[in-house]
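**Student:** My questions will all concern the structure given below.
2 protein chains.
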Amino acid sequence: MNATDILKLHNIKKTAGRLAIINALQESTCPLSENEIKELMLESYDRITFYRNIQTLTAVGIIHKIVVDNTLIRYGLNCCETVHEHSAHRNTHAHFYCEQCHSVVCLQEVKIPEFCLPEGFISADSDIIIKGKCEKCNH
Amino acid sequence: MNATDILKLHNIKKTAGRLAIINALQESTCPLSENEIKELMLESYDRITFYRNIQTLTAVGIIHKIVVDNTLIRYGLNCCETVHEHSAHRNTHAHFYCEQCHSVVCLQEVKIPEFCLPEGFISADSDIIIKGKCEKCNH
DNA sequence: ATATATTTGCAACATTGTTTCATTTGAAAA
DNA sequence: TTTTCAAATGAAACAATGTTGCAAATATAT
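Chains as they are written, first to last, in my numbering: chain A, 19 to 157; chain B, 19 to 157.
Listed below in structure tokens is the structure:
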């Protein structure tokens with residue numbers, strides 16, 4: 019699905035900045051950092067607008083933010099098939115962070131389980147970050 | 019165990035800043051933010067030294083850092099019994115973040131499972147953050 | 001008590017994220 | 001097509017967060 023249609027589907031305005039972010043993420047097989055997206059956006063990148071668009075795109079469920087560490091953040095495009103799940107703001111899968119090449123991979127196969135919580139606690143969403151060595155780095 | 023002994027056990031120097039951080043965390047039942055620790059440290063707080071000590075204390079396994087979001091970080095004291103596990107830098111339990119009162123709770127009972135990863139991926143450590151409403155906020 | 005490696009605290013800087021507000025623009029209606 | 005208006009942009013200014021170099025101070029072992 020192209021960027022224009024994705025925006026239309028979520029009822030938010032089609033703007034240069036948003037299209038550029040979505041296109042950048044579509045060009046990649048894995049989630050990207052702000053700087054990586056910035057490189058791909060070329061002249062259409064503006065830092066303030068970027069933050070605001072990331073906010074909006076996350077809020078409507080077009081992308082998701084992966085916080086590996088406070089100084090290590092990635093943004094990933096949601097699959098169109100899972101749009102409805104995401105618009106309910108629930109993570110569906112775990113993320114993998116490779117400590118060697120610093121890439122982040124969406125592990126679509128590794129689903130978020132229901133955790134058994136102590137009495138009184140109610141879960142709305144969970145983040146799972148698995149750290150280690152990715153397939154490419156395991157020679 | 020008191021702060022002095024904890025430092026000695028891990029073979030790092032006993033300094034005012036480190037003792038103050040450990041004491042602050044021992045006064046609390048749950049992990050604290052930098053500002054919360056700062057309040058408890060009083061005049062012995064220095065921002066740069068704080069960051070460096072957090073680094074050191076984390077590296078030797080006295081405390082652990084919980085990154086709920088890039089702008090929402092907590093530091094928790096490790097239990098002495100689990101010191102050996104922690105010095106191997108492996109998380110043992112999941113963390114809960116209450117979206118209402120913004121507190122973080124160590125869910126000692128909720129152990130980190132072994133995730134079934136795709137071919138080629140090797141896990142060294144995992145972070146699990148469960149978000150929702152804590153017992154206190156569920157009236 | 002002394003020696004020495006570690007730690008501290010300051011200055012200065014770099015990065016990251018937010019708010020306000022005037023201007024521009026997308027998209028719907030006339 | 002032109003008009004209209006809420007939404008989005010981008011600049012300035014700020015706030016918070018995190019890092020590095022370096023001289024002075026200090027914890028521990030001898």
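Glycine included, every Cβ here is placed at the ideal spot set by N, Cα and C.
Just so we're clear, the structure is a prediction, and the values are computed from it rather than from any experiment.
Is it right to say A:Pro49 is buried, meaning 16 or more other beta carbons lie within 10 angstroms of its own, or is it exposed?
**Tutor:** A:Pro49 is buried by the Cβ-count criterion.
**Student:** Between which two residues does the beta strand (DSSP E) harbouring A:Ile84 extend?
**Tutor:** Start and end: 81-87.
**Student:** Relative to chain B, which residues along the stretch 117-128 of chain A have a C-beta separation below 9 Å, given in chain order?
**Tutor:** If the cut-off is 9 Å between Cβ atoms, the stretch 117-128 of chain A has Glu117, Val123, Leu125, Glu127, Val128 near chain B.
**Student:** Thinking just about the alpha-carbon of each residue, which of A:Ser46, A:Lys154, A:Ile24, A:Thr110 is nearest to the one in A:Leu58?
**Tutor:** Among A:Ser46, A:Lys154, A:Ile24, A:Thr110, the Cα nearest to that of A:Leu58 belongs to A:Ser46.
**Student:** A:Val128 and B:Phe133: beta carbons closer than 7 Å?
**Tutor:** Contact: yes.
**Student:** Please list the terminal residues of the continuous alpha helix (DSSP H) segment that includes B:Phe68.
**Tutor:** Counting along the chain, the alpha helix (DSSP H) containing B:Phe68 begins and ends at 65-78.
**Student:** Chain A beta carbons: is any one of them nearer than 7 Å to that of B:Glu57?
**Tutor:** No, B:Glu57 lies away from the interface with chain A (no Cβ there is under 7 Å from its Cβ).
**Student:** In whole angstroms, what separates the C-alpha of A:Leu125 from that of B:His120?
**Tutor:** C-alpha separation (whole angstroms): 28 Å.
**Student:** Tell me the rounded alpha-carbon separation between B:Lys151 and A:Leu135.
**Tutor:** Rounded to whole angstroms, B:Lys151 to A:Leu135 spans 11 Å at the Cα level.
**Student:** When you compare the CB of B:Val85 with every CB in chain A, is at least one pair closer than 7 Å?
**Tutor:** Closer than 7 Å to some Cβ of chain A, the Cβ of B:Val85 qualifies, so yes.
**Student:** Quick one: what does DSSP say A:Glu127 is sitting in, helix, strand or coil?
**Tutor:** Correct three-state label for A:Glu127: strand.
**Student:** Relative to chain A, which residues along the stretch 33-64 of chain B have a C-beta separation below 9 Å, given in chain order?
**Tutor:** Within the stretch 33-64 of chain B, no residue has a Cβ that lies closer than 9 Å to any Cβ of chain A.
**Student:** What does the alpha-carbon distance come out to for the pair B:Ile39 and B:Asn53?
**Tutor:** Rounded to the nearest angstrom, the two C-alpha atoms are 11 Å apart.
**Student:** What three-state label does DSSP hand A:Leu95 in the structure shown?
**Tutor:** A:Leu95: strand per DSSP, three-state reduction.
**Student:** Excluding the 5 residues flanking B:Leu37 on each side, which residues of the same chain have their C-beta closer than 6 Å to its C-beta?
**Tutor:** Ala21.
**Student:** By a C-beta neighbour count over all protein chains shown, 10 Å radius and 16 as the cutoff for buried, is B:Arg92 buried or exposed?
**Tutor:** Its Cβ being crowded by 16 or more others within 10 Å, B:Arg92 is buried.
**Student:** Since A:Ala112 meets chain B, which of its residues come closer than 7 Å, beta carbon to beta carbon?
**Tutor:** Under the 7 Å cutoff, chain B gives Phe133.
**Student:** Kindly list the residues whose CB is nearer than 7 Å to the CB of A:Gln118, restricted to its own chain and excluding five residues on each side of it in sequence; keep chain order.
**Tutor:** So the qualifying residues of the chain are Lys151, Cys155.
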